[in-house]
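Asker:
Number of protein chains: 2
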Amino acid sequence: MIEHMKKYTVQELAAMLEPSGLRPSPQRLAVLSYLSHSTTHPTVDEIYRALQPDNPSLSRATVYNTLNSLVANGIVRELDIDTSNRRYDFAASAPHAHFFCRNCGRVIDVDMKNIELPRSADFVVEQLNVNFKGLCAECAKAE
Amino acid sequence: MIEHMKKYTVQELAAMLEPSGLRPSPQRLAVLSYLSHSTTHPTVDEIYRALQPDNPSLSRATVYNTLNSLVANGIVRELDIDTSNRRYDFAASAPHAHFFCRNCGRVIDVDMKNIELPRSADFVVEQLNVNFKGLCAECAKAE
DNA sequence: TTATTATCAAAAATTATTCTAAATTTGTAA
DNA sequence: TTACAAATTTAGAATAATTTTTGATAATAA
Numbered sequence: 001m002i003e004h005m006k007k008y009t010v011q012e013l014a015a016m017l018e019p020s021g022l023r024p025s026p027q028r029l030a031v032l033s034y035l036s037h038s039t040t041h042p043t044v045d046e047i048y049r050a051l052q053p054d055n056p057s058l059s060r061a062t063v064y065n066t067l068n069s070l071v072a073n074g075i076v077r078e079l080d081i082d083t084s085n086r087r088y089d090f091a092a093s094a095p096h097a098h099f100f101c102r103n104c105g106r107v108i109d110v111d112m113k114n115i116e117l118p119r120s121a122d123f124v125v126e127q128l129n130v131n132f133k134g135l136c137a138e139c140a141k142a143e
Numbered sequence: 001m002i003e004h005m006k007k008y009t010v011q012e013l014a015a016m017l018e019p020s021g022l023r024p025s026p027q028r029l030a031v032l033s034y035l036s037h038s039t040t041h042p043t044v045d046e047i048y049r050a051l052q053p054d055n056p057s058l059s060r061a062t063v064y065n066t067l068n069s070l071v072a073n074g075i076v077r078e079l080d081i082d083t084s085n086r087r088y089d090f091a092a093s094a095p096h097a098h099f100f101c102r103n104c105g106r107v108i109d110v111d112m113k114n115i116e117l118p119r120s121a122d123f124v125v126e127q128l129n130v131n132f133k134g135l136c137a138e139c140a141k142a143e
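In the order they appear, the protein sequences are chains X and D.
For what it's worth, my numbering labels the leading residue of the first sequence as 1, then goes sequentially.
For what it's worth, my numbering labels the leading residue of the second sequence as 1, then goes sequentially.
1) Tell me whether residue 47 of chain X sits in a helix, a strand or coil according to DSSP, three-state version.
2) Could you check the C-alpha separation between residue 66 of chain D and residue 25 of chain D for me, to the nearest Å?
3) List, in order along the chain, the chain D residues whose C-beta lies closer than 9 Å to that of residue 99 of chain X?
4) Helix or strand or just coil, what does DSSP make of residue 87 of chain D?
5) Using 8 Å as the limit for Cβ to Cβ distance, is residue 136 of chain X near chain D?
6) In the DSSP assignment, find the unbroken alpha helix (DSSP H) run with residue 14 of chain X in it and report its ends.
7) Quick check: is the beta carbon of residue 68 of chain D nearer than 8 Å to any beta carbon in chain X?
8) Please report the straight-line C-alpha distance between residue 33 of chain D and residue 107 of chain X, rounded to a whole angstrom.
9) With H, G and I counted as helix, E and B as strand and the rest as coil, what does DSSP make of residue 82 of chain X?
10) Applying a beta-carbon distance threshold of less than 8 Å, which residues of chain D neighbour residue 130 of chain X?
11) Taking 8 Å as the CB-CB limit, is residue 95 of chain X close to chain D?
12) When you compare the stretch 45-62 of chain D with the stretch 92-102 of chain D, are there three or more beta-carbon pairs, one atom per stretch, that lie closer than 8 Å?
13) Is the beta carbon of residue 98 of chain X closer than 8 Å to that of residue 81 of chain X?
14) Do residue 10 of chain X and residue 29 of chain X come within 8 Å of each other at the CB atom, strictly closer than that value?
15) Give the range of the beta strand (DSSP E) segment to which residue 98 of chain D is assigned.
16) Is the Cβ of residue 80 of chain D closer than 8 Å to any Cβ of chain X?
17) Taking Cβ to Cβ, would you say residue 83 of chain X is nearer than 8 Å to residue 78 of chain D?
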C-alpha cells in the first residue's frame, strides 16, 4: 500500500500477469484490480464480498485459487499479521511495515524507509515482514 | 528462543504462572516446560503430540486453552510468521526475529540486537515482530 | 478440425480452532 | 474428613477457513 493509489488500466493489470504465464481472466483482473486500489489489506472474504455483486458467478474457491497463484508469482503479498484471517497486499508498493490493532483488527501501514533485506549466508531471504501489534489511536482512547 | 536453553524446575515454571493467578496444573506445566526447552517454535499439534504419550488424558482443547491463557498473560508469545499454523515461543527470551523457510516450513531464530519498539503518537505498540521468509540453507542447496 | 491445456464453479473434504456440557480436580472451610 | 464452589480438563460436536476434486467450459495448439 502506501503511495501507490494509482489507478491501473486493464492493460497494465494484464501486463502484471503476463510474465508468470497467468491468463488475464476477468476473475484474476478483478481481484488484482481490487487489491491494487484497496487500502485495507482485505481478507479473502472481504475481497469476495466486494467483487461478488459485479461478478455474480464468482466463487470463493476462485478467489482463494487466484490469490494463491498471485502470491506464488510475487504479484501479491500475503501478510502474516493476522493469524485468524489471511490478508493481502499489492506487491508493487514501497517497503513498509504493518500495525495490527488487537482491539478492532485494523491493519495500518507504517512507512519504514530504512528497512533493508538482511543478507545472510544461512538463508535466502525473499521477503521481509515487520509487524507491530497493539492498540490503534481510536482504541487506545476508548480503553 | 535463542540462548535460554536453561532447564527450568517445576517450581520455577509454577512461579511463572503464579503472578497471573493460573494454577500450576500438570497440563499447564507440561506445556510450559515443553515450550521452555523447545527450539522449533512448535505448532499446537506438535505440542499435543509431544505431550500426549506421557499425558494420555490430555485433550487438544486443553492445549489450545492453555496456550491462549499463557499468551494472554504474556508468558508465551504467539508467532505470526506461519499463516497456516499457530506457532509459539517462550516469552522469556531476548528480542529476535524469525526466518520462515517456504519450502520445509522450518522457523529459524534470527538475532537482532538493534531492533527497538518504535514510538508513535498514532498507536500504542505492544509487540514487534520481524519476519523473514525465503529458503533455508538446506532447501536453497536442494533447489 | 481434434487434441491439449487452462480456467472456473460447485460441492465435498480437510484442517484448524472454538464451543459445549459433563466430569474431574482443587482450595477452602466447616 | 467431608462438602461445596470454583477452576480446570475432557471428548466430542460445531464452526469457519481453506483445499481438493470433479466436471464443464473456454482458450490455445497441432
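Each residue gets a CB set at the ideal place from its N, CA and C atoms; glycine is no exception.
Answerer: Well, looking at it:
1) helix
2) 10 Å
3) 120, 122, 123 and 125
4) strand
5) yes
6) 10-17
7) no
8) 34 Å
9) coil
10) 128, 129, 130 and 131
11) no
12) no
13) yes
14) yes
15) 96-101
16) yes
17) yes
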